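Visitor: Sharing a structure below in structure tokens format, with a few things to ask.
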Amino acid sequence: MRIRNVDKNNDWTFGQSLSNYVQNEYAIELDIKLKIQEWYQDCFFALTNGIPWQIRLGSKRQKELLDRDLINTVRSIEGVLNIFDFTSSTDGRRYRAQMNVFTRYSTDYLPINIDTEDFINA
23 MRIRNVDKNN DWTFGQSLSN YVQNEYAIEL DIKLKIQEWY QDCFFALTNG
73 IPWQIRLGSK RQKELLDRDL INTVRSIEGV LNIFDFTSST DGRRYRAQMN
123 VFTRYSTDYL PINIDTEDFI NA
């Protein structure tokens, strides 16, 4: 797997030819991070992609649906073979999740930590 790299502001990098791309396990980790940060109906050419963060964090009793959205999103990523040790919690409009992901490039699990404060209130 190969994917375009991003800078510290999550903007795509350009101008250095193939060095702007990452591959293998880091590419999968980056793809997971970017797909989790997608908002549902936010991209004109992919309206059904993403997680409805505003709905899930703005309404009560949505944690289980958000867990399902997150797991389905990660499972849909090319190269992800298995998710295990999934835990999550909510605190008001803040959502946190931890999981271990086994990829086709893994010799060990890839720890993934999600905290909505990192990208929703930024």
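Each residue of the sequence shown is one higher than the one before, counting from 23 in my numbering. All C-beta atoms, glycine included, are put in the ideal place defined by N, C-alpha and C. Owing to the predicted nature of the structure, the values given are computational and were not obtained by experimental measurement.
Tell me which residues share the same chain as Y131 and place their Cβ nearer than 7 angstroms to its Cβ, disregarding the 5 neighbours each side in the sequence.
Guide: As a first step, residue 131 must be located in the sequence shown, where it is residue number 109. So the list reads N122, V123 and F124, once near-sequence residues are dropped.
Visitor: Using beta-carbon positions only, say whether I105 and R97 come within less than 8 angstroms of one another.
Guide: Position 83 of the sequence shown holds residue 105. Position 75 of the sequence shown holds residue 97. The answer is yes: Cβ separation under 8 angstroms.
Visitor: Should T70 be labelled buried (16 or more other beta-carbon atoms within 10 Å of its own) or exposed?
Guide: Walking along the sequence shown from the start, residue 70 turns up at place 48. T70 comes out exposed.
Visitor: Could you check what DSSP says for Q45 in three-state terms: helix, strand or coil?
Guide: Indexing the sequence shown from 1 puts residue 45 at position 23. Looking at Q45 - three-state DSSP - the assignment turns out to be strand.
Visitor: On the CB-based measure, 16 or more other CB atoms within 10 Å of its CB, does I77 come out buried or exposed?
Guide: Residue 77 sits at position 55 when you count from the first residue of the sequence shown. Exposed.
Visitor: Name the DSSP beta bridge partners of M121, please?
Guide: Counting from one through the sequence shown, the residue named residue 121 turns up at place 99. DSSP output for M121 lists I134 as bridge partner(s).
Visitor: Note down, one range per segment and in chain order, each beta strand (DSSP E) of at least 3 residues found wholly within the stretch 26-93.
Guide: Qualifying beta strand (DSSP E) stretches, in chain order: 43-45.
Visitor: Hey, quick one: how far does the beta strand (DSSP E) through T109 stretch, first residue to last?
Guide: Within the sequence shown, numbered from 1, the residue matching residue 109 stands at position 87. Start and end: V102 to D113.
Visitor: Can you pull the DSSP bridge partners for R24?
Guide: Here residue 24 refers to the residue found at position 2 when the sequence shown is read from its first residue. Beta-bridge pairing links R24 to Q45.
Visitor: For W34, does the count of other Cβ atoms within 10 angstroms reach 16, so buried, or fall short, so exposed?
Guide: Indexing the sequence shown from 1 puts residue 34 at position 12. So W34 counts as exposed.
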